[in-house]
Amino acid sequence: MIRTLLALNGALIRGALAFVLTTQDDIEVVAEVDRAEDIGTALRMQRPDVAVADVSLFGAGVLSTAVASSEPLPVLVLVDPRRPRVLGDALRARCQRLGFLGSDVAPERVVEAVRRLACGGSVMDADLVVAALSRDNPLTEREVEVLEIAAEGWPVVEIASKLSLSAGTVRNHLSRIAGKTGARTRIEAIRIAREKGWI
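Read in order, the letters of the sequence shown are residues 1 to 199 in UniProt numbering.
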């Protein structure tokens with residue numbers, strides 16, 4: 001029996017996937033979480049064989065921690081095909097125990113991927129790989145950090161505090177971001193960067 005943890009945002013999607021997985025004779029859903037702070041507890045208490053995670057909820061850092069532990073856990077990462085940047089980051093970091101599928105795939109592909117990862121196999125959506133490697137992001141890593149925090153609605157002073165920067169430096173980053181995206185406002189820069197898959 002493949003003990004599976006679901007770390008997904010949205011009760012409806014998580015519940016539907018849990019239903020599909022539990023109809024399989026060889027898969028058992030042992031935990032469902034929708035907050036990053038709950039994943040560690042679920043891992044310790046339920047000791048799953050595989051996790052299925054929505055990267056937009058947990059982020060690559062949390063997933064990398066899971067696969068870098070002394071007993072690495074295979075994680076199937078569901079990635080929004082319109083925002084494949086995280087896949088590009090993982091490919092460059094050479095994460096060994098991560099599998100990737102688009103979040104819009106048929107449930108049967110998730111079932112198959114869980115089985116493959118549990119057996120030590122690999123899972124990689126070819127369309128995601130092409131998208132991740134073909135989208136050149138003109139923003140620096142720091143500019144991406146600034147824009148991601150700005151996208152949450154934080155003012156310049158709060159962005160500066162969160163990144164241990166001066167407010168002037170944050171304004172400079174936002175100005176360069178506007179130039180690189182061709183945006184006239186911060187909101188427009190955020191929209192363009194999301195559409196391009198840069199954040």
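Think of the CB as a built atom: it goes at the ideal place given N, C-alpha and C, for glycine as much as any other residue.
State the start and end residues of the unbroken alpha helix (DSSP H) segment that holds residue i.
i	result
Ala189	Arg186 to Lys196
Val144	Glu141 to Ala151
Ile175	Inspection of the sequence shows that residue 175 is occupied by Ser rather than by Ile. Per DSSP, Ser175 belongs to the alpha helix (DSSP H) from Ala167 to Thr181.
Val157	Val156 to Leu163
Ile39	Ala36 to Gln46
Below 9 Å between beta carbons: does that hold for residue i and residue j?
i	j	result
Pro81	Ser103	yes
Ile2	Val105	no
Leu98	Val77	yes
Ile39	Val30	no
Ala193	Thr181	yes
Thr22	Ala51	no
Asp54	Ala118	no
Leu147	Trp198	yes
So if DSSP puts residue i in a beta bridge, which residue, or which two residues, is it bridged to?
i	result
Ile13	In the DSSP output, where bridge partners are listed per residue, Ile13 has none listed.
Leu5	Ala31 and Ala51
Met124	Phe100
Specify, as a first and last residue, the run of the beta strand (DSSP E) that residue i falls within.
i	result
Gly102	Leu98 to Gly102
Leu78	Val75 to Val79
Give me, in chain order, the residues of the same chain whose beta-carbon lies closer than 7 Å to that of residue i; leave out the 5 immediate sequence neighbours on both sides.
i	result
Val157	Ala167
Under 6 Å Cβ to Cβ from residue i, same chain only, skipping five residues before and after it: list those, please.
i	result
Met124	Phe100
Met45	none
Pro155	none
Pro107	Val20
Glu28	Met1 and Arg3
Can you find the residues in the same chain that come closer than 8 Å, C-beta to C-beta, to residue i, ignoring five residues on each side of it along the sequence?
i	result
Ala127	In the sequence as presented, Ala is not what sits at residue 127; that position holds Asp. Pro81 and Gly102, listed in sequence order.
Glu143	His173, Arg176, Ile177 and Lys180
Gln24	Val111
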